[in-house]
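If you read the sequence shown in the working numbering, its first letter stands for residue 176, the second for the next number, and so on. Cβ coordinates follow ideal geometry from the N, Cα and C atoms, glycine included. Fair warning: this is a prediction, and the values are worked out from it, not measured in the lab.
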Amino acid sequence: MSRPPNDVIIVRYGEIALKSRNVRDRYEKILMSNITSMLDAMGASYDSVSRDWGRIYIHTADPAAAQAAAKVFGVVSVSHAITCEPTLESVSSVAADVGQEIIVEGQSFGIRPRRAGNHDFSSRDVGIACGDAVWQRIEHQSPSVDLTNPDVEIFVEVRQNHAFVYTDVVNGVGGLPLGTQGKMVALVSGGIDSPVAAWLMMKRGCEIIPVYVNNDPFSDETTRQRALECIRVLQTWAPGHSLKVYEVPGGESQISFLSDCQRRYTCVLCRRMMYRIAAGIMEKERAHGIITGASLGQVASQTSQNMLAETCGIHAPIYHPVIALDKTEIVDMARNIGSYDASTRPATCCTAVPEKPATAAKCSDVCGEEANIDVDGLLQTALSGLKVVDPSEYS
Ligand code: ATP
Ligand code: MG
176 MSRPPNDVII VRYGEIALKS RNVRDRYEKI LMSNITSMLD AMGASYDSVS
226 RDWGRIYIHT ADPAAAQAAA KVFGVVSVSH AITCEPTLES VSSVAADVGQ
276 EIIVEGQSFG IRPRRAGNHD FSSRDVGIAC GDAVWQRIEH QSPSVDLTNP
326 DVEIFVEVRQ NHAFVYTDVV NGVGGLPLGT QGKMVALVSG GIDSPVAAWL
376 MMKRGCEIIP VYVNNDPFSD ETTRQRALEC IRVLQTWAPG HSLKVYEVPG
426 GESQISFLSD CQRRYTCVLC RRMMYRIAAG IMEKERAHGI ITGASLGQVA
476 SQTSQNMLAE TCGIHAPIYH PVIALDKTEI VDMARNIGSY DASTRPATCC
526 TAVPEKPATA AKCSDVCGEE ANIDVDGLLQ TALSGLKVVD PSEYS
């Protein structure tokens, strides 16, 4: 007998379940909408998306829908399952069909039963009935039962009005649904670190507003294209939330730093100007913070002393989600996110970077340097030159 087709994807989520009833209801609705958008964006077919207390269901036979759902922030795991009646007869017959199809000669199996609702049998009864049914169906293969470390697991979940049988639990990306944790301005340079940083905050539920500071003539079109390509990758994680991308001219500030300030402070001064620009956009967009890809000690300028000097007098919450990660950890994440190739395509490095950057800048020194230039004027020049770009128009 051939087994019935998988017809539903069980979508599980984590922390949302700990929220109060109202918050949970709101988050679940956002999650469902994000799942629907991801299914559409990835071209997966489905009949409908529904929810039940604690679960979301995608009614579909398309395995691509499970892959799409696993990519949605907030999803902890997914299983493509067969729906059946919540009776011992029904679940054990389907479990036997599944077992017959996937257990090969010499393999052990284990039933993983669960039950919720009112039934006249226990989850233990489910385990026994399904285990017996599978055994009888493949007795000629001399199977063995192993509940500790079986070769094949068959999950059987009986709920009030229906039951599910499945064999795989695929990990989802985790986090919180995008759009539940406010908006942040993400400084995206196109290097390996900043797209990962932006992605981590998206994973935690933040909508992002990517900002690329174009330091032309100290960088060029290759650097700009690399940043836009990274933003395109980030967009694939946020279907249904069209990213508003800003490009801001930063070259004029760099010219001032180079001509009127001590050379070794260029990077710290540049970072301060970027934060001011980002804070301006944050206000304009009513966003709540700024994200960077700074990682402690990764390059000479990324010291804790410099980071203090970079933020003194700057009034905006600045988040550095990869601050404590090793480069190899960030690279692994970039590969999983899909931004690594974009970040490593050939691009020009910023030519304003000094040979010996300050590694322990003091707030007083940096403010002293800024007294030599027209900080407010430069900021206004940068902000008046900002434009919204559509990253899909470039390649
Ligand atoms: P990345 O790999 O993201 O380029 P990095 O380790 O090279 O980071 P820096 O070049 O020192 O670090 O920059 C630190 C952070 O400042 C970046 O991660 C990014 O958030 C921001 N940043 C740097 N340059 C730009 C830029 N041109 N436009 C927007 N943000 C930038
Ligand atoms: Mg960089």
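Check                                                                                                                                                                                 : Outcome
Given 7 Å as the limit, tell me if residue 491 has its C-beta closer than that to any heavy atom belonging to the ligand ATP.                                                         : no
Assuming residue 286 and residue 360 are in contact, meaning their beta carbons sit under 8 Å apart, how far apart are those beta carbons, in whole angstroms?                        : Not quite, the Cβ-Cβ distance comes to about 51 Å (not below 8 Å), so this is no contact.
By the three-class DSSP mapping on this structure, what secondary structure does residue 432 have?                                                                                    : helix
For residue 254, name the three-state secondary structure that DSSP assigns.                                                                                                          : strand
Any heavy atom of the ligand MG closer than 7 Å to the beta-carbon of residue 425?                                                                                                    : no
Please classify residue 368 as buried or exposed, where buried requires at least 16 neighbouring CB atoms within 10 angstroms.                                                        : buried
Looking only at its chain, what residues have a beta carbon closer than 6 Å to the beta carbon of residue 404, apart from the 5 residues adjacent to it on each side?                 : 517
With a threshold of 7 Å (Cβ to nearest heavy atom), would residue 254 be considered close to the ligand MG?                                                                           : no
Going by Cα to Cα distance, which pick from 341, 438, 400, 492 is closest to residue 462?                                                                                             : 492
With a Cβ-Cβ cutoff of 8 Å, do residue 206 and residue 191 count as a contact?                                                                                                        : yes
Assess, as a yes-or-no matter, whether the segment 413 to 428 is touched by the segment 554 to 566 under the definition of 3 or more beta carbon pairs within less than 8 Å.          : yes
Verify whether the separation of the beta carbon atoms of residue 273 and residue 259 is less than 8 Å.                                                                               : no
So, at 7 Å on beta carbons, what are the nonlocal neighbours of residue 222 in its own chain, with the 5 sequence-adjacent residues on each side left out?                            : 234, 235
Can the beta-carbon of residue 244 be found less than 8 Å from the beta-carbon of residue 250?                                                                                        : yes
Pick from 395, 197, 311: whose alpha carbon is nearest that of residue 526?                                                                                                           : 395
Would you tell me roughly how many angstroms separate the C-alpha atoms of residue 528 and residue 409, rounded to the nearest one?                                                   : 27 Å
Is it right to say residue 487 is buried, meaning 16 or more other beta carbons lie within 10 angstroms of its own, or is it exposed?                                                 : exposed
Check each residue's C-beta against every heavy atom of the ligand MG and list, in chain order, those closer than 6 Å.                                                                : 364, 366
Who does residue 359 pair with in a DSSP beta bridge?                                                                                                                                 : 383
As a quick exercise: from 211, 265, 225, pick the residue whose alpha carbon is nearest that of residue 240.                                                                          : 211
Note down the Cα distance separating residue 502 from residue 472, rounded to an integer number of angstroms.                                                                         : 10 Å
Can you give me the start and stop residues for the alpha helix (DSSP H) that residue 468 sits inside?                                                                                : Here residue 468 belongs to no alpha helix (DSSP H), and DSSP marks it neither H nor E.
Determine the extent of the alpha helix (DSSP H) in which residue 544 is found, giving its start and end residues.                                                                    : 538 to 545
Please list the segments of the alpha helix (DSSP H) lying wholly inside the segment 292 to 372, counting only runs of 4 or more residues, in order along the chain.                  : 298 to 312
Using DSSP with H/G/I as helix, E/B as strand and the rest coil, what is residue 181?                                                                                                 : coil
Between which two residues does the beta strand (DSSP E) carrying residue 562 extend?                                                                                                 : 562 to 564
In the DSSP output, what is residue 284 paired with across the bridge?                                                                                                                : 320, 327
What residue range does the alpha helix (DSSP H) around residue 134 cover?                                                                                                            : Because the chain in this structure spans residues 176 to 570, residue 134 falls outside the shown range and cannot be described.
Label residue 499 either buried or exposed according to how many other C-beta atoms from any shown protein chain fall within 10 Å of its C-beta, with 16 as the threshold for buried. : exposed
Does the beta-carbon distance from residue 533 to residue 451 come in below 8 Å?                                                                                                      : no
Closer than 7 Å: is that where the CB of residue 302 sits relative to any heavy atom of the ligand ATP?                                                                               : no
How about residue 464 and residue 497: do their beta carbons lie closer than 8 Å?                                                                                                     : no
Closest by CA to residue 305, which one among 297, 263, 291?                                                                                                                          : 263
Can you have a look at residue 362 and say buried or exposed, based on whether 16 or more other CB atoms are within 10 angstroms of its CB?                                           : buried
Pull the bridge partners of residue 226 from the DSSP assignment, please.                                                                                                             : 231
Got a sec: does the ligand ATP put a non-hydrogen atom nearer than 7 Å to the Cβ of residue 477?                                                                                      : yes
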